[in-house]
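**Q** Have a look at this one.
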Amino acid sequence: MFRRYLSILLFFSIIAGISAQEGLETQTAGRESLLVYFGRADREETLEAWLSVANLGLAAAPEWERDEYEELLKERLAEWTEEKFERTLPLVDVLSFLSEIKNANLEYLFETDGSGNILFDSAGDPMLKGMADLDEHREAWDAQLEDKIEILVSNWETDALIVYEELLDGLEGEVKGTVEGKLSASLASYKRNVEREFERLYRQAESKFLFSRRKDMFSLRKKTEEETAG
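Numbering (my numbering), first residue to last: -13 to 216.
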């Protein structure tokens, strides 16, 4: 009797183990199938196409796994959108800023004639303004470039927001909330990078500006001494 009882317990344990294993295999297969659909969706270029492919995998998911799979879909969609956002962000208008540096230097670094052309000394070197009025000129030089940076960053952000809104268009509910959170963080991060890049170029140009203005006094003194000695 006892052996029969043990046999029955063993039988049901085996059945339970088989059922659990089958359930685990089904769950794993379902997740892998969904990931395959996500992989296909990631190759799409539009939000509509991505959702169309991804939802095919979601539709095939078991009902009891639907909530978990929907969370996976939101996370995967947020990643795809973030990558697309990075690829389609507007370029930073560095050339306009470099051109503004050139204009500021022409105004506050070099000696020019009435037509704005740079004057050259007898040795063929451009004539620099030297130390005279340096503080005033530096303040004006700084203001001109800082204003340009503000304009360029604002223009970049305006164009980036257009891309941002286009990527969110068509989303709604919790999916939109998840994607919007990631895109907002990305936008803020990229804006800081843009500002840092302009700041780097600005500091680099400022250093050269001050060095050139200050060294001119030594260059002028050296040339005067050489001319006197000659």
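Ideal Cβ positions, reconstructed from N, Cα and C, are used throughout, including at glycine.
1. When the Cα of Glu61 is compared with those of Glu166, Arg124 and Glu136, which residue comes out closest?
2. Determine the DSSP secondary structure at Leu114, reduced to helix, strand or coil.
3. Please check the pair Leu21 and Val161, which I expect to be a contact at CB under 8 Å, by giving their CB distance rounded to whole angstroms.
4. Tell me which residues share the same chain as Lys70 and place their Cβ nearer than 7 Å to its Cβ, disregarding the 5 neighbours each side in the sequence.
5. Using 8 Å for Cβ pairs, my map puts Leu114 next to Gly102. What's the rounded Cβ distance?
6. Measure the alpha-carbon distance for Leu169 versus Glu51 and round it to whole angstroms.
7. With burial defined as no fewer than 16 other Cβ atoms inside 10 Å of the residue's Cβ, what is the status of Ile87: buried or exposed?
8. Ignore the nearest five residues each way along the sequence and tell me which others in Asp28's own chain have a CB closer than 7 Å to its CB.
9. Check each candidate in Phe106, Leu187, Leu33 and Tyr150 and name the one with the smallest Cα separation from Ile135.
10. Given a cut-off of 7 Å on the beta-carbon distance, is the pair Ser172 and Glu68 in contact?
11. Sort Tyr23, Ala126, Trp36 and Glu57 by Cα distance to Phe195 and report the nearest one.
12. In terms of residues, what are the limits of the alpha helix (DSSP H) holding Glu65?
13. DSSP three-state label for Thr144, please.
14. Excluding the 5 residues preceding and the 5 following Thr12 in the sequence, name in chain order all residues of the same chain whose CB lies nearer than 7 Å to its CB.
15. Check for me: the alpha helix (DSSP H) holding Glu86 runs from which residue to which?
**A** The relevant details are as follows:
1. Glu166
2. strand
3. Rounded, the Cβ-Cβ distance is 18 Å, inconsistent with contact.
4. Leu153
5. About 16 Å; that fails the 8 Å criterion.
6. 27 Å
7. buried
8. Trp66
9. Leu187
10. yes
11. Ala126
12. Arg52 to Thr74
13. helix
14. Because the pLDDT of Thr12 is 42, which lies under 50, any placement of that residue in the model is unreliable, and the number read from its coordinates should be weighed accordingly. Contacts found: none.
15. Val80 to Tyr94
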